[in-house]
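Sequence lines, in order, name chains Y, A, B and S. Per our numbering, the first sequence starts with residue -12, numbered consecutively. Per our numbering, the second sequence starts with residue -12, numbered consecutively. Per our numbering, the third sequence starts with residue -12, numbered consecutively. Per our numbering, the fourth sequence starts with residue -12, numbered consecutively. Backbone N, C-alpha and C fix where the C-beta goes; we use that ideal spot for every residue, glycine too. Reviewing the structure listed below.
There are 4 protein chains.
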Amino acid sequence: MSSKPLRADARRNRARILDAAGEVFAERGAAASTEEVAARAGVAIGTVFRHFPTKQDLLGAILKDLLADLTSAGDADLFAFFTRVVTAAAEKKVVVELLAQEGVTVGVEGPVAALGDTLGGLLATAKEVGTVRAEVRLDEVLALLTATAQGALRGGWSADLRDRVLALVFAGLAP
Amino acid sequence: MSSKPLRADARRNRARILDAAGEVFAERGAAASTEEVAARAGVAIGTVFRHFPTKQDLLGAILKDLLADLTSAGDADLFAFFTRVVTAAAEKKVVVELLAQEGVTVGVEGPVAALGDTLGGLLATAKEVGTVRAEVRLDEVLALLTATAQGALRGGWSADLRDRVLALVFAGLAP
Amino acid sequence: MSSKPLRADARRNRARILDAAGEVFAERGAAASTEEVAARAGVAIGTVFRHFPTKQDLLGAILKDLLADLTSAGDADLFAFFTRVVTAAAEKKVVVELLAQEGVTVGVEGPVAALGDTLGGLLATAKEVGTVRAEVRLDEVLALLTATAQGALRGGWSADLRDRVLALVFAGLAP
Amino acid sequence: MSSKPLRADARRNRARILDAAGEVFAERGAAASTEEVAARAGVAIGTVFRHFPTKQDLLGAILKDLLADLTSAGDADLFAFFTRVVTAAAEKKVVVELLAQEGVTVGVEGPVAALGDTLGGLLATAKEVGTVRAEVRLDEVLALLTATAQGALRGGWSADLRDRVLALVFAGLAP
DNA sequence: AATGAATGAGGATTCATTCAT
DNA sequence: GATGAATGAATCCTCATTCAT
């Protein structure tokens, strides 16, 4: 599953590039140039392409990372999870740009599925506990999550507005 | 505020370009080339730039048009209006791409404000009639509308999914 | 068959580019950069790509041109034709590089076939007149022609050497 | 003239690289990447450059090898030798690409001269025996050989066509 | 000696925009 | 006003070569 372990410096560079790319794309959107990512990471352009043979691969890797982050945090509560994802999205421009996009599906199927699984588990629990209506389905919640995340990101919502919108959404899910 | 009246053929071309651009950008996103818009409109590239000195201007004009369309249709019901906007968004890729974007703010302040006004009026009525809770504020509804529209567009929701998501949203607004 | 006639300046540029490309590729081989072609032609790089959307297209066009030149000159004699082709090849590095190459088959089928036709006609005549043995086949002559042309080009033969080699070749064809 | 004796593994690697390079360049032409040669040889890219400081050097070494092969085989007959060279060329794409090229003259003067010597000897014998006309000169034969080899390679001649072309060439040399 | 990561110049191609016709 | 050719900066990507490990 994993190829041979990278040399220390290579691993360091990979991380730097990923960080830089996260920032750059968060600021300028996915249209930002790979050159700028390289500059921000403090490496030559060739190094970026050695680690991520294609711009798509780079974007995919970022998305994968973020999704993994979101999924692995282990919230016990659907609402808390929902809130966290939306908040994170607001900080990562790309994520949302990419989440539903055609182009970038390279190697993110797993992480995306994981997100769905996490959400599914939390939704089931929420129904049992009675904080969410029984007839609410997973795809609806996922769609609502994606939509809200996108809205928060692209709309530049204030923290206050975001909380109020989330309150409305949660009210819609409640019995 | 308005420039000199256009020649008949110029006015015709302007309309054609706007139509073509609407289609092209709806299909390919805002990254589609101006050249393709010109081709679809059946005019030369120079003509496009004569009418819209910048690609941004063209995008702005489309957005303005669409917003005007949405605003002027005169729905009597907040929910109907909400539904219509979301449905329209799903068909116009750009609209949503642009609605919250920094770049394209050229000349759309008016139309955006108009949309807010329309929504405000419908919201007030809904509160009076009692279909929406009294404490719900306009900016929340607008944010929710934008988010749902974006979700519908970029997520490629089916009509069925869209309806179910809207039901959840409306439930959140209801008393 | 032919698209709309080009504007005067466009036609002039197309010719310039073709000339420049002929020179550049003749000197440096097909690996020479399109940028250099543009520079030599005195146009911007974009202009080259407007006329020839791909480097391959440019190479193909050169080949086509040269083949057309060779074919249309109307030699009455197989040996004269053979000599002329070989001599021309020595001056056009690319031609030979391309003549048998896989990549560049875009739109040259016609011209190549024409060359074969011309050669076929001259061969038939030569057999009738008795300057070439009856059992010699067209594909052999074509192969010999290509080979000699390539040799002359890449080997950098002197005019004297070329003539002596041609004499040997012609001796091989004679009864 | 010769550097210090190589370590056993170094000598082994040199051979492997040369083999791999022969294959790769034969398949893809001289434009193939050094990286691929390294991969095929099962060594790291650095190792290739340690043995052959420049791509040109690598190409030169291959050529040298092949020429040595051809020269040392010891044919007793000019025609047999000629045939063997042409046949070999058809299998080694680079050889012919390189034989007359400017770039690659590093250290091949010797081998090329050796080829000339071999050919010269066979030609002299052939004249004595009377299978080749007395006035045929060495440079002509060498030129013809190179040309035919190139033709065979780049033209992708079938074995049958190759034989027929060789027959024509030999006829041209015969009294 | 070998490894393989990093470098960075170079090259093909695209596209918003300008301007001569 | 319309046309469409020309411009050239910007972008993605490749690959020979260097150098730290």
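(request) Using a cut-off of 7 Å between C-beta atoms, extract the partners of residue 76 (chain B) located in chain S. (result) Sequence index remark: in the third sequence, residue 76 (chain B) carries index 89 (1-based). Residues of chain S passing the Cβ test: none, with the nearest at roughly 11 Å.
(request) Kindly provide the ranges of any alpha helix (DSSP H) runs that are 4 or more residues long and lie completely inside the stretch 22 to 86 of chain A, ordered along the chain. (result) 32 to 38, 42 to 59, 65 to 78 and 80 to 86
(message) Suppose contacts are defined by Cβ-Cβ distances below 7 Å. Is residue 7 (chain B) in contact with residue 27 (chain B) by that definition?
(response) Here the question's residue 7 (chain B) lines up with position 20 in the third sequence. Here the question's residue 27 (chain B) lines up with position 40 in the third sequence. Cβ distance < 7 Å, so residue 7 (chain B) and residue 27 (chain B) count as in contact.
(request) Could you spell out where the alpha helix (DSSP H) holding residue -2 (chain B) opens and where it closes? (result) What you label residue -2 (chain B) is simply residue 11 of the third sequence in a count that begins at 1. In the DSSP assignment, residue -2 (chain B) falls within the unbroken alpha helix (DSSP H) covering -5 to 15.
(message) Across the stretch -10 to 4 of chain S and the stretch 132 to 149 of chain S, are there enough close Cβ pairs to call them in contact, namely three or more that are closer than 8 Å?
(response) no
(request) Determine whether the Cβ of residue 65 (chain Y) lies closer than 7 Å to any Cβ atom of chain A. (result) Working through the first sequence from its first residue, we reach residue 65 (chain Y) at position 78. Not closer than 7 Å to any Cβ of chain A, the Cβ of residue 65 (chain Y) fails to qualify, so no.
(message) Run through chain A and tell me which residues come within less than 9 Å of residue 52 (chain Y), C-beta to C-beta.
(response) Translated into positions along the first sequence, residue 52 (chain Y) becomes position 65. Near residue 52 (chain Y) there are no residues of chain A at all, since even the closest Cβ is about 21 Å away, more than 9 Å.
(request) Measure the alpha-carbon distance for residue 128 (chain Y) versus residue 34 (chain S) and round it to whole angstroms. (result) Locating residue 128 (chain Y) in the first sequence gives position 141, counting from the first residue. Locating residue 34 (chain S) in the fourth sequence gives position 47, counting from the first residue. Between residue 128 (chain Y) and residue 34 (chain S), the C-alpha separation is close to 56 Å.
(message) Under 7 Å, Cβ to Cβ, is there at least one residue of chain B near residue 126 (chain S)?
(response) Indexing the fourth sequence from 1 puts residue 126 (chain S) at position 139. It does; some Cβ of chain B falls within 7 Å.
(request) Figure out for me which residue from B:73, B:153, B:152 and B:17 has the closest Cα to the Cα of residue 133 (chain B). (result) Position 146 of the third sequence holds residue 133 (chain B). Minimum Cα distance to residue 133 (chain B) is reached at B:73.
(message) Out of S:22, S:157, S:-2 and S:57, which one is the CA nearest neighbour of residue 113 (chain S)?
(response) Here the question's residue 113 (chain S) lines up with position 126 in the fourth sequence. Residue S:157 is the option with its Cα nearest to residue 113 (chain S).
(request) Below 7 Å CB to CB, which residues in the same chain sit around residue 70 (chain B) once its five sequence neighbours on both sides are set aside? (result) For the purposes of this step, residue 70 (chain B) is taken as residue 83 along the third sequence, with counting starting at 1. Excluding positions up to five away in sequence, the list reads 153.
(message) Measuring only the C-alpha atoms, how far is residue 64 (chain B) from residue 155 (chain S)?
(response) Working through the third sequence from its first residue, we reach residue 64 (chain B) at position 77. Working through the fourth sequence from its first residue, we reach residue 155 (chain S) at position 168. In a straight line, the C-alpha of residue 64 (chain B) is about 19 Å away from that of residue 155 (chain S).
(message) Under 7 Å, CB to CB, which of the residues in the stretch 6 to 23 of chain Y have a partner in chain A?
(response) none
(message) I want to verify the contact list: residues of chain S whose CB lies under 8 Å from the CB of residue 177 (chain B), in sequence order.
(response) Residue coverage of chain B in this structure runs from -12 to 162, which leaves residue 177 (chain B) outside it and unanswerable.
(request) Say whether chain S places a C-beta atom closer than 7 Å to the C-beta of residue 158 (chain B). (result) In the third sequence, residue 158 (chain B) corresponds to position 171, counting from 1. For residue 158 (chain B), the answer is yes, since a Cβ of chain S falls inside 7 Å of its Cβ.
(request) Please go through the same chain and pick out, in chain order, the residues whose beta-carbon is closer than 6 Å to the beta-carbon of residue 42 (chain A), but skip the five residues on each side of it. (result) Position 55 of the second sequence holds residue 42 (chain A). Closer than 6 Å at the Cβ level, and outside the excluded window around residue 42 (chain A), lie 21.
(message) Let's test the definition: count the other Cβ atoms within 10 Å of the Cβ of residue 107 (chain Y) and tell me whether it reaches 16, buried, or not, exposed.
(response) Here residue 107 (chain Y) corresponds to residue number 120 of the first sequence, with the count starting at 1. By the 10 Å Cβ count, residue 107 (chain Y) comes out exposed.
(message) Let me check understanding here. Comparing Cα to Cα, which of B:138, B:99, B:31 and B:66 lies closest to residue 52 (chain B)?
(response) Working through the third sequence from its first residue, we reach residue 52 (chain B) at position 65. That would be B:99, whose Cα lies nearest to the Cα of residue 52 (chain B).
(message) Would residue 131 (chain A) and residue 110 (chain A) be called neighbours here (beta carbons separated by less than 7 Å)?
(response) Sequence index remark: in the second sequence, residue 131 (chain A) carries index 144 (1-based). Sequence index remark: in the second sequence, residue 110 (chain A) carries index 123 (1-based). Contact flag unset, no.
(request) Consult DSSP for residue 90 (chain A) and reduce its assignment to one of helix, strand or coil. (result) Taking the first residue of the second sequence as position 1, residue 90 (chain A) is located at position 103. Residue confidence is low: residue 90 (chain A) scores 49 on pLDDT, short of 50, so the model does not pin down where it sits. Its coordinate-derived value is still stated next. Residue state, collapsed to three classes: coil.
(message) Tell me which residues share the same chain as residue -2 (chain A) and place their Cβ nearer than 7 Å to its Cβ, disregarding the 5 neighbours each side in the sequence.
(response) Against the second sequence, residue -2 (chain A) aligns to sequence position 11. There are no such residues.
(request) In the DSSP assignment, find the unbroken alpha helix (DSSP H) run with residue 135 (chain B) in it and report its ends. (result) Here the question's residue 135 (chain B) lines up with position 148 in the third sequence. Per DSSP, residue 135 (chain B) belongs to the alpha helix (DSSP H) from 125 to 142.
(request) Report back the beta-carbon spacing between residue 58 (chain B) and residue 105 (chain B) to the nearest angstrom; my notes put them in contact at under 8 Å. (result) Counting from one through the third sequence, the residue named residue 58 (chain B) turns up at place 71. Counting from one through the third sequence, the residue named residue 105 (chain B) turns up at place 118. Indeed they touch by this definition, with Cβ atoms about 5 Å apart.
(message) Short of 7 Å in beta carbon distance, which residues of its chain neighbour residue -12 (chain S), apart from the five on each side in sequence? Order them along the chain.
(response) Along the fourth sequence, read from residue 1 onward, the residue named residue -12 (chain S) stands at position 1. Reliability fails at residue -12 (chain S), whose pLDDT of 46 lies under 50, so the model's placement of it is uncertain and no value is given.
(message) Between A:19, A:17 and A:29, which has its C-alpha nearest residue -4 (chain A)'s C-alpha?
(response) If you number the second sequence from 1, residue -4 (chain A) lands on position 9. Comparing Cα positions, the closest option is A:29.
(message) Please report the distance separating the alpha-carbon of residue 102 (chain B) from that of residue 61 (chain S).
(response) Indexing the third sequence from 1 puts residue 102 (chain B) at position 115. Indexing the fourth sequence from 1 puts residue 61 (chain S) at position 74. Cα-Cα distance, rounded: 40 Å.
(message) At the 7 Å Cβ level, is residue 103 (chain B) part of the contact set with chain S, yes or no?
(response) Counting from 1 along the third sequence, the entry for residue 103 (chain B) is found at position 116. Not one chain S Cβ lies under 7 Å of residue 103 (chain B).
(request) Please state whether DSSP places residue 154 (chain S) in a helix, a strand or coil. (result) What you label residue 154 (chain S) is simply residue 167 of the fourth sequence in a count that begins at 1. The answer is helix: DSSP assigns residue 154 (chain S) an H, G or I state.
(request) Would you mind giving the Cβ-Cβ distance between residue 39 (chain B) and residue 48 (chain B), rounded to the nearest angstrom? I have them listed as a contact below 8 Å. (result) Within the third sequence, numbered from 1, the residue matching residue 39 (chain B) stands at position 52. Within the third sequence, numbered from 1, the residue matching residue 48 (chain B) stands at position 61. Indeed, because the Cβ distance is near 6 Å, the residues count as touching under 8 Å.
(message) Taking CB distances under 7 Å as the criterion, tell me whether residue 43 (chain Y) reaches chain A.
(response) By one-based count along the first sequence, residue 43 (chain Y) stands at place 56. By this cut-off, residue 43 (chain Y) is not an interface position.
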